[in-house]
Amino acid sequence: MNGHPSHIGRIPQQRVYAFLHTGPEGLSATEHAERLAHVGPNSFEVVDRWKLLRLLARQFTNFFAILLVVSAAICFVAQRINPEEGMGVLGWALTGVALLNALFSFFQEYRAEKAMEALRKFLPHLVEACRQGQIVRVPAEDIVPGDVAILSEGDKIAADMRIVEAEGLMVDTSPLTGESAAVRLLPQEQDRSLEDCANIAFAGCTVVKGSGRGVVFATGLRTRFGRIASLSQTVRRADSPLEREISRMIRTLTVIACSMGFAFFLYGVASGKSLWVNLVFMMGIIVANVPEGLLPTLTVALVMSGLRMARRNVLVTSLNAVEALGAVHVICTDKTGTLTLNRLAITRLTDPLTGEAMTGDQERTLTALALGASDVRMAGEQLLGDPLDVAVARHWLDLDSDGLEQVQGAIRRHFPFDVDKRRSAGISSIDGEPVFVVKGAFEAIRPMLTAVGYAGASMPDGDGSALEAALAASETVMQEMASQGLRVIAVACRGLAAEEADAGCIPETEADPLEHGLVLAGFIGVEDPVRLEVPQAVAKCHGAGIEVIMITGDHPATALAVAAAAGIVEPGCSDHLTGDQLRQLTVAGLVEHLRQGIRVFARTTPEQKMKIVAALKHMEMVVAMTGDGVNDAPALKAADVGIAMGKMGTDVARESAQIILLDDNFAHIVSGIEEGRTVFENMKKFTNYVLVSNGPEILPYLLYIVLPVPLALNIVHILSIDLGTDIVPSMGLGREPPVPEVMNRPPRSPSEGLLTTRLILHSYGFLGLLEGLWSLGLFFLVLHGGGWRYGTDLPAASPLYRSATGVALASIFLMQIGNLIGRRSLRHSGLDRGIFTNRLLLAGILIQLAFAWGTLYFPPLQRALNTGPVSPTIFALACLGILWIYGLDYLRKRLAY
Amino acid sequence: MERQIYLAYDGSINADWVARYAIRMAAALDRRQITLLHILDHPAAKARMEERFAAIAAECATAGIDCRGQIRRPDRDVCSGLLQAIPAGETSYCLCGARIASRGRGFLAGTVSERLLRAARFNVMAIRVVSPGLLGCPRTLLFPLAGHPRGFSSAMPFLQMLTTPQSTVHLLRVMMVNPLLSRYVSAEIARARLAAGREYLVQAVSHIRREMADAPCHLDHHVVVSDDWAREILLQADRVHASMILLGATERSLPSRFFYGNRLEEILRRTPCDVGIYRRP
Chain U
44 MNGHPSHIGR
54 IPQQRVYAFL
64 HTGPEGLSAT
74 EHAERLAHVG
84 PNSFEVVDRW
94 KLLRLLARQF
104 TNFFAILLVV
114 SAAICFVAQR
124 INPEEGMGVL
134 GWALTGVALL
144 NALFSFFQEY
154 RAEKAMEALR
164 KFLPHLVEAC
174 RQGQIVRVPA
184 EDIVPGDVAI
194 LSEGDKIAAD
204 MRIVEAEGLM
214 VDTSPLTGES
224 AAVRLLPQEQ
234 DRSLEDCANI
244 AFAGCTVVKG
254 SGRGVVFATG
264 LRTRFGRIAS
274 LSQTVRRADS
284 PLEREISRMI
294 RTLTVIACSM
304 GFAFFLYGVA
314 SGKSLWVNLV
324 FMMGIIVANV
334 PEGLLPTLTV
344 ALVMSGLRMA
354 RRNVLVTSLN
364 AVEALGAVHV
374 ICTDKTGTLT
384 LNRLAITRLT
394 DPLTGEAMTG
404 DQERTLTALA
414 LGASDVRMAG
424 EQLLGDPLDV
434 AVARHWLDLD
444 SDGLEQVQGA
454 IRRHFPFDVD
464 KRRSAGISSI
474 DGEPVFVVKG
484 AFEAIRPMLT
494 AVGYAGASMP
504 DGDGSALEAA
514 LAASETVMQE
524 MASQGLRVIA
534 VACRGLAAEE
544 ADAGCIPETE
554 ADPLEHGLVL
564 AGFIGVEDPV
574 RLEVPQAVAK
584 CHGAGIEVIM
594 ITGDHPATAL
604 AVAAAAGIVE
614 PGCSDHLTGD
624 QLRQLTVAGL
634 VEHLRQGIRV
644 FARTTPEQKM
654 KIVAALKHME
664 MVVAMTGDGV
674 NDAPALKAAD
684 VGIAMGKMGT
694 DVARESAQII
704 LLDDNFAHIV
714 SGIEEGRTVF
724 ENMKKFTNYV
734 LVSNGPEILP
744 YLLYIVLPVP
754 LALNIVHILS
764 IDLGTDIVPS
774 MGLGREPPVP
784 EVMNRPPRSP
794 SEGLLTTRLI
804 LHSYGFLGLL
814 EGLWSLGLFF
824 LVLHGGGWRY
834 GTDLPAASPL
844 YRSATGVALA
854 SIFLMQIGNL
864 IGRRSLRHSG
874 LDRGIFTNRL
884 LLAGILIQLA
894 FAWGTLYFPP
904 LQRALNTGPV
914 SPTIFALACL
924 GILWIYGLDY
934 LRKRLAY
Chain C
5 MERQIYLAYD
15 GSINADWVAR
25 YAIRMAAALD
35 RRQITLLHIL
45 DHPAAKARME
55 ERFAAIAAEC
65 ATAGIDCRGQ
75 IRRPDRDVCS
85 GLLQAIPAGE
95 TSYCLCGARI
105 ASRGRGFLAG
115 TVSERLLRAA
125 RFNVMAIRVV
135 SPGLLGCPRT
145 LLFPLAGHPR
155 GFSSAMPFLQ
165 MLTTPQSTVH
175 LLRVMMVNPL
185 LSRYVSAEIA
195 RARLAAGREY
205 LVQAVSHIRR
215 EMADAPCHLD
225 HHVVVSDDWA
235 REILLQADRV
245 HASMILLGAT
255 ERSLPSRFFY
265 GNRLEEILRR
275 TPCDVGIYRR
285 P
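Chains as they are written, first to last, in our numbering: chain U, 44 to 940; chain C, 5 to 285.
Laid out in structure tokens, this is it:
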């Protein structure tokens, strides 16, 4: 590849115009028009007019919706056959539920589309461009590759461009990189990757200082920002484990319902019953088998959990994330602000040779030197700037509350923090003498050092071994500080000759020519304390079988110290991987390291998060990932649960995440996990609860089709249970608080479903059968007491039939109370948690009681349900059903556990 | 016979971007030469085209590549002109561009590039450039494999021309499941599918390492189970920060692919990086 540059940032400044087929005077009108027609407008939007309609239609294609629509259709057919039963109303009710469910999901997904709006805010409406030698303001959409754009302070950058002229040009790249410090852009070619080149201005960023000129090389979706936007917009998140689980559950229930219905339809036809009668019974069995209220209840349970999580500062933007959070095996977390308080404070200034703490004049001098390489502005009482620079200024104010302006006034030139070099620099005057100061990571400054010691120290000329020994001693000091969890900043300086100082103060000069012959003046130890609640939260995670992985850009020693303080690794542990090592590893190699217990990743970039997620998913783990920058957005989407930071995060990260941590506090992720696990447990409880009532709903139909007996429950009765009285108690179970042991168990296995064989057997084969037997027993008891004889017909309007069906229905309502209390605990009685601790559950019990009574004795309900009264003795027997169900179930628990 | 790069050049800015791929690939060959081919569909454009050729030749010169231009009058149409001008066979490599913007017609469907791919007379690579700033030098390649025995061997020449020792190639195998059943795939089945995919990729990696022993690059591999391979390719391209996706157009007849569903078009439309669709004769 002799002579062929590998990207636009490596082209010499003077050849940029030729490479992009343009000139310093800009494009001609013809050339611009031709390129615009060819390349298209500079916009991110992918116009798809049918997208929303498709999105809405998709909500009706899952079993979830199909089942509700089919149930509604059954009701409308029943209404057509027998208008007196009022099935049409229930059909509309089911249609409403189906519509509500679909619209709810639609708005969930529609929200993701809003991410585009957040992205659009980063782009300007008008830009200044040079066309045919004239500077004109043109709409940003008209910009094409080859256009020469003019950049001034405050401008938003409209397209990716190669800088060809710059005067103190500083750009805020935080929307793309998450880096808070502005980046200085220069026109010279650079030997770095395209993304890291400091001669490229990327679309979406903002000019914070200076001015410049750039030649556009990519527009619209071809910009770095546009590619992120396009992918975020078009790639749909894969189904969550809960969505898959619900689909599987609905499929199983549908198969059971349809095969049972069809089998009895065939039996009816074979036994000579009319087609219409058979059809009605087939529908009856299907409706009895379908838990119509279960799906809305699942949604409501997730909403309620989402609200509870919001109270704990965990905002849920996608309901399925509530449960997904409960299933996580590993949390990948940032350090700054999440595990720590993000309140940088200088706690130690150290002599680089002896490691002794500096005091008095030494401390003042070192702080003044560090200020010389800092950029802080005063806004009233507030200090603004990079958090580290602010910490240095604040430390100065602690030493000398009045002298800050004087020290700042002595700064003649500032070279901002360079992410790649990991250092900032400046030219300042100390005691009237010009001094060049560099502050940054020790590894970044070490190659430029020629002496170590208090400012002004020097090594004997040519004594390389003395310097090496001094540097080794300094490194030991630095390591020792880092191992205490301090972020260690090295400060080095050298005196400048007057002409050197003058040359260095020219705005466009770089620090590079001055960076030699430095004396290491000292180390500054900066502390960002670990949040108080974090160690306890991490311990809770470990107790719950959840791994915590820390990913940070900091020095490994600092990262390990913070990880040890947080409890992520044992104190003294040195196992970690750096970004450079990570780059060299394959995913399989990384998996090996993770299996060996690597929990700390230091000196990493946000892009490397993706690789860590891939490796963890390779290990079949459910991953939660935190992030705040735009470049974190893909990783947030790739993880099973994306968690954005509410305080420090960008809008794009927030829109891409399913969970927003309002106060950036790690401990609240753990609260969310507890809530997520509880939600899943509760879902299993109310699924079990709801399916139990299917037993007494199906049994009368089976009996009716094979024996010459009256039908104990009609379709309205079934729906009054499924969509009526079962809803509030189910919601009550969905609101059960976490049990203490929920965080003492390992995460659930991915193969553990909502609907297990055990649960089906318990619901249909045990409790369902018991409820059916009791309810039918009372039905026949009333019939028998009223003079009915086996094999004789009974008109639906007869008072005896109405009383018998009334007590059958009322007993199911009542027995569901016993079922409800039993479902509160898998192993215990359910009463041990106190009946008054869950008001919704109490409301559910009262509703069941009221409906049971009303079905038998309240005339409007009697008319609606076609039921009649029974004697108090029979009603008392129906009430005994509560004990029948609860008692036998409790006996089963005692025997089984 | 030495390998020779031909660039189907229409004079657009997109063709300039594709030209940089041609320069890059020619630099990897013993015969460092490119032939620019323009089929003149408008006589007035000749002077302008010569000017463009000169600009590309200047770029080639800095890379030490010999650049020759041919402007030909169309025989019947542009495609047949190109088919006549490029010698058929294994040693000819034709680079051409996908549409720069779909405008409702797709990026490849109905283009000269599609017809060249379908003709399968010589090696063809149709490129959609979305990162013009890379100047045709993708450092990270995503190479999805469908599991066909010829799958990676047919891509080897292109891989060798596009990679350097600094490059990283990510192999991707998407283990497909029926979209109607994807929600019901059990964890055990998914695990078995992943293991089968990994086994295939380990073999592919060792094969590629053998083939590229002279200029080894960093190789990594990934397997996913999915009902939508196009989506997985796009996601993976983003995850690994790929600068180019290399896609083969060999396993099924192109007309049926372009007609039914057209997943290649989906990838071309949504891609976060450059895409090269190749076919061997």
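We put the beta carbon where it would ideally sit given N, CA and C, even for glycine.
Sequence-distant residues of its chain with Cβ nearer than 8 Å to Ala512 (chain U) (five each side left out):
none
List the residues of chain C whose Cβ lies closer than 7 Å to the Cβ of Val82 (chain U), in chain order.
Ile17, Ile104, Ala105
I want to verify the contact list: residues of chain C whose CB lies under 7 Å from the CB of Asp203 (chain U), in sequence order.
Gly137
Other residues of its chain near Asp198 (chain U): CB distance less than 6 Å, five sequence neighbours each side excluded:
Val250
Closest to Leu98 (chain U) by CA distance: which of U:Phe150, U:Leu137, U:Glu74, U:Gly83 is it?
U:Phe150
Is the region 239 to 250 of chain U in contact with the region 291 to 298 of chain U, if contact means three or more CB pairs nearer than 8 Å?
no
Compute the distance between the beta-carbons of Glu68 (chain U) and Gly211 (chain U), then report whether it is under 8 Å.
no
Any idea what DSSP makes of Phe324 (chain U), helix, strand or coil?
helix
I'd like to confirm the pairing. Which residues does DSSP put opposite Phe147 (chain C) in its beta bridges?
C:Leu175
Can you pull the chain U residues whose beta carbon is under 7 Å from the beta carbon of His141 (chain C), in chain order?
Checking the sequence shown, residue 141 (chain C) turns out to be Cys, not His. Going along chain U in sequence order, the residues near Cys141 (chain C) (Cβ under 7 Å) are Ser49, His50.
Based on Cα-Cα distance, which residue from C:Ala150, C:Ile271, C:Tyr282, C:Asp14 lies nearest to Glu55 (chain C)?
C:Asp14
Host beta strand (DSSP E) of Tyr97 (chain C) (start-end):
93 to 101
Contact list for Asp20 (chain C) against chain U, beta-carbon separation under 7 Å
His64
Excluding the five sequence neighbours on either side, which residues of its own chain have a C-beta within less than 8 Å of the C-beta of Ala942 (chain U), listed in chain order?
No answer is possible for residue 942 (chain U): it lies beyond the span of chain U, which begins at 44 and ends at 940.
Note down, in chain order, every chain U residue with its Cβ under 8 Å from the Cβ of His42 (chain C).
None at all; the shortest Cβ gap to chain U is about 16 Å.
Would Ala1 (chain C) count as contacting chain U if we go by Cβ distances under 8 Å?
With chain C covering 5 to 285 only, the question about residue 1 (chain C) has no answer from this structure.
So for Asp239 (chain U), helix, strand or coil by DSSP?
helix
Residues near Ser86 (chain U) in its chain [Cβ-Cβ closer than 7 Å; skip 5 each side]:
Glu184, Gly263
For a cutoff of 8 Å on Cβ pairs, would you count Pro276 (chain C) as touching chain U?
yes
Does Asp278 (chain C) come out as helix, strand or coil in the three-state DSSP assignment?
strand
Which stretch, first to last residue, makes up the beta strand (DSSP E) that contains Ile592 (chain U)?
590 to 594
Please name the residue in U:Arg180, U:Trp93, U:His168, U:Val187 whose C-alpha comes closest to that of Ala76 (chain U).
U:Val187
8 Å Cβ cutoff met for Pro772 (chain U) and Leu863 (chain U)
yes
Just to confirm my understanding: we take Lys652 (chain U), look at its own chain, exclude 5 residues before and 5 after, and list those with CB closer than 8 Å. What are they?
Cys375, Ile594, Met668, Gly670, Asp675, Ala678
Determine whether the beta carbon atoms of Met204 (chain U) and Gly257 (chain U) lie at a separation below 8 Å.
yes
Under 8 Å between the Cβ atoms of Gly201 (chain C) and Leu250 (chain C)?
no
Name the chain U residues that come within less than 7 Å of Ala191 (chain C), Cβ to Cβ?
Pro793, Ser794
CB Ala208 (chain C) to CB His64 (chain U), shorter than 8 Å?
no
Between the C-alpha atoms of Glu576 (chain U) and Leu139 (chain C), what's the straight-line distance to the nearest angstrom?
50 Å
Is the shortest distance between the beta-carbon of Glu255 (chain C) and the beta-carbons of chain U less than 8 Å?
For Glu255 (chain C), the predicted model reports a pLDDT of 48, less than 50, meaning its position is unreliable; a value from the coordinates is still stated below. Answer no: the Cβ-Cβ gap between Glu255 (chain C) and chain U never drops below 8 Å.
Express the C-alpha separation of Phe809 (chain U) and Leu821 (chain U) in angstroms, rounding to a whole number.
19 Å
Contact list for the region 184 to 209 of chain U against chain C, Cβ threshold 9 Å:
Val187, Pro188, Gly189, Asp203, Arg205
As a quick exercise: from C:Ser106, C:Met179, C:Pro169, C:Ala89, pick the residue whose alpha carbon is nearest that of Pro142 (chain C).
C:Pro169
For Arg530 (chain U), count neighbouring C-beta atoms within 10 Å of its own C-beta (all shown protein chains included) and say buried if the count is 16 or more, exposed if not.
buried
Can you find the residues in the same chain that come closer than 7 Å, C-beta to C-beta, to Leu440 (chain U), ignoring five residues on each side of it along the sequence?
Leu447
In chain U, which residues lie less than 9 Å from Tyr188 (chain C) when you measure between Cβ atoms?
Arg287, Ser290, Arg291, Arg294
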